[in-house]
Amino acid sequence: MIPNNIERIHFDSMNTCNLCMMELENVYDNLILSPEEIDLLDMPKRSFTVHFPVHMDSGDTKMFVGHRVQYNDARGPTKGGIRYHPELNLENLKNLAFLMAIKCALVNIPFGGAKGGIVVNTKEISRDEMERITRAYIREISDIIGPFKDIPAPDAYTDEKVMVWILDEFERIKGKHVPSIVTGKPIELGGSEVRNISTALGGVYVLEEALKTTDLDKATLGVAIQGFGNVGRNAAEILYERGYRICAISDSNGGIANKDGLDIPKVIEHKYQTGTVLDFPNSKNISNEELLTSDCDILIPAALSKQIDGKNVRDIKAKIIMELANAPTTLEASKMLIDQGVLVIPDILANAGGVVVSYFEWIQNLNQDYWEEERVLKKLNQTMIDAFANVHMICIDEKCTMRRAALQFAIRSILHAERLRGNL
Ligand code: GLU
3 MIPNNIERIH FDSMNTCNLC MMELENVYDN LILSPEEIDL LDMPKRSFTV HFPVHMDSGD
63 TKMFVGHRVQ YNDARGPTKG GIRYHPELNL ENLKNLAFLM AIKCALVNIP FGGAKGGIVV
123 NTKEISRDEM ERITRAYIRE ISDIIGPFKD IPAPDAYTDE KVMVWILDEF ERIKGKHVPS
183 IVTGKPIELG GSEVRNISTA LGGVYVLEEA LKTTDLDKAT LGVAIQGFGN VGRNAAEILY
243 ERGYRICAIS DSNGGIANKD GLDIPKVIEH KYQTGTVLDF PNSKNISNEE LLTSDCDILI
303 PAALSKQIDG KNVRDIKAKI IMELANAPTT LEASKMLIDQ GVLVIPDILA NAGGVVVSYF
363 EWIQNLNQDY WEEERVLKKL NQTMIDAFAN VHMICIDEKC TMRRAALQFA IRSILHAERL
423 RGNL
């Protein structure tokens, strides 16, 4: 059954989630959803657009546009990042907010899904302007967010510093401390241990579960990682410490390879000294394209979307792809990877560790508590193992991909909550 209103889902060039949104059609079909259920899943509960003036450093005043989409809150307050991007639009944010609802349901944390942001190019504004823009946006949306309504977090081009401005502006408006209004804060202001590495670490936990279902021997596995930002660098460091051979890694300038393994702490030092991973001693410089098709067992795209596509997919040698980036695989490539027998750990599972530790941060804030690193690590590990097990069971029962299984599990869980509330 094709959903009668599937045309409401938009696919534009900036959309990072085409693959998941297309796969949904099959999931709806497989779960035999009623038109009412599809309608309910297909529309965001609330979406807001705000316009606000900001004084620029030049003395001029400029109007800015911000959005926030609260997609589904059947399972709890909505949760999701705030991103700054010049091409941000409401349609794309709706899809991203929906995927946040999916991610939270998949890892079974009591949140719905949201996403928001400001239409701005952070490379074209000063730090002071960024602060004024952030604070003005929060003033506009302060009534629709809250610890039990909608909790923002970092996303593309926003970080800890932006979270502090969000926290501070919200607290000024409310006239009291409300640390649970935002996650991804610095530890000194109520942030959680492990949050800064949680996306990469959550991915590693899932990868290790996936490996247990294969006959691959960890000691012999070579890993190639695309991206040296927070996620790629942390993934490299964690895997290196766990004894994996990292045979290739790249940043936006290009990559380096050594089939016997790179000394990751030294690569990090080299990147710090020179600004790039290129020209690292005892390694060969390669392009980002060569990295994707390099001779490795595990490929971890941890940078941009749409990296593995119809053109390079046939040359991929990895047996496992762990998607730490959002939507690094195109729809065409995804279909071909199934035929090639490559195990793909989908982004909605692989990179869910970030929002899981955001949930731990929120609990700590609400309880005015502080959890030691060990406690956060243990709970993150258990959450990711459980999520993997749920997905794996569906894969076996239904003989389907992990992406399909993950979407199926999450949609069932959201619809169950809607049914319990009497909305269906
Ligand atoms: N922006 C991150 C994500 O897309 C984190 C969201 C959060 O922690 O709420 O998963």
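All letters in the sequence shown, in the order written, are residues 3 to 426 by my numbering.
Cβ atoms here follow ideal geometry from the backbone N, Cα and C, with glycine treated the same way.
_Assigned secondary structure, residue 4 (DSSP; H/G/I helix, E/B strand, else coil)_ = With a pLDDT of only 34 at residue 4, under the threshold of 50, the placement of this residue in the model should not be trusted, and no figure is reported.
*Can you give, in chain order, each stretch of the beta strand (DSSP E) that sits fully within the stretch 307-364 and has at least 3 residues?*
322-324 and 345-347, all fully within the stretch 307-364.
*asked:* Just checking residue 353 against the ligand GLU - is the residue's beta carbon closer than 7 Å to any of the ligand's heavy atoms?
replied: In this structure, residue 353 has its CB closer than 7 Å to one or more heavy atoms of the ligand GLU.
*asked:* Bridge partners for residue 225 per DSSP, in chain order?
replied: DSSP output for residue 225 lists 248 and 300 as bridge partner(s).
*If we count Cβ pairs, one from each stretch, closer than 8 Å, do we get three or more for the stretch 95-106 versus the stretch 132-142?*
These segments do not touch.
_Boundaries of the beta strand (DSSP E) in which residue 197 is found, first to last residue_ = From DSSP, residue 197 is part of no beta strand (DSSP E); its letter is neither H nor E.
*Under the assumption that residue 226 contacts residue 266 (Cβ atoms under 8 Å), give the Cβ distance between them as a whole number of angstroms.*
Under the criterion of beta carbons closer than 8 Å, residue 226 and residue 266 do not qualify as touching, at roughly 13 Å.
*Beta-carbon gap between residue 115 and residue 82 smaller than 8 Å*: Contact: yes.
*Determine the direct distance from the alpha carbon of residue 414 to that of residue 257, and round the result to whole angstroms.*
Cα to Cα, the separation comes out at about 41 Å.
_Considering just the uninterrupted stretch of the alpha helix (DSSP H) at residue 163, what are its terminal residues?_
From DSSP, the alpha helix (DSSP H) with residue 163 extends over 162-176.
*Would you say the stretch 119-138 touches the stretch 161-174, given that touching needs at least three Cβ pairs under 8 Å?*
Touching, yes, given that three or more Cβ pairs across the two stretches are closer than 8 Å.
*Span separating the alpha-carbon of residue 86 from that of residue 217*: Spanning the two alpha carbons is a distance of roughly 43 Å.
*Rounded to whole angstroms, what's the CA-CA distance from residue 377 to residue 228? Just pull it up for me.*
The straight-line gap from Cα to Cα measures roughly 30 Å.
*asked:* Under DSSP, the beta strand (DSSP E) around residue 418 begins and ends at which residues?
replied: Annotation for residue 418: no beta strand (DSSP E) segment contains it, though the alpha helix (DSSP H) segment containing it runs 404-422.
_Going by the DSSP bridge assignment, what does residue 259 pair with across the sheet?_
Residue 259 pairs with 250 and 286.
*When DSSP labels each residue in this structure, what does residue 370 get in the three-state scheme?*
In the structure shown, residue 370 sits in coil (DSSP, three-state: anything other than H, G, I, E or B).
*Which residues bound the beta strand (DSSP E) around residue 278?*
Residue 278 -> no beta strand (DSSP E), and no H or E assigned at all.
_Residue from 147, 209, 152 and 194 whose Cα sits closest to the Cα of residue 175_ = The residue from 147, 209, 152 and 194 with its alpha-carbon nearest to that of residue 175 is 147.
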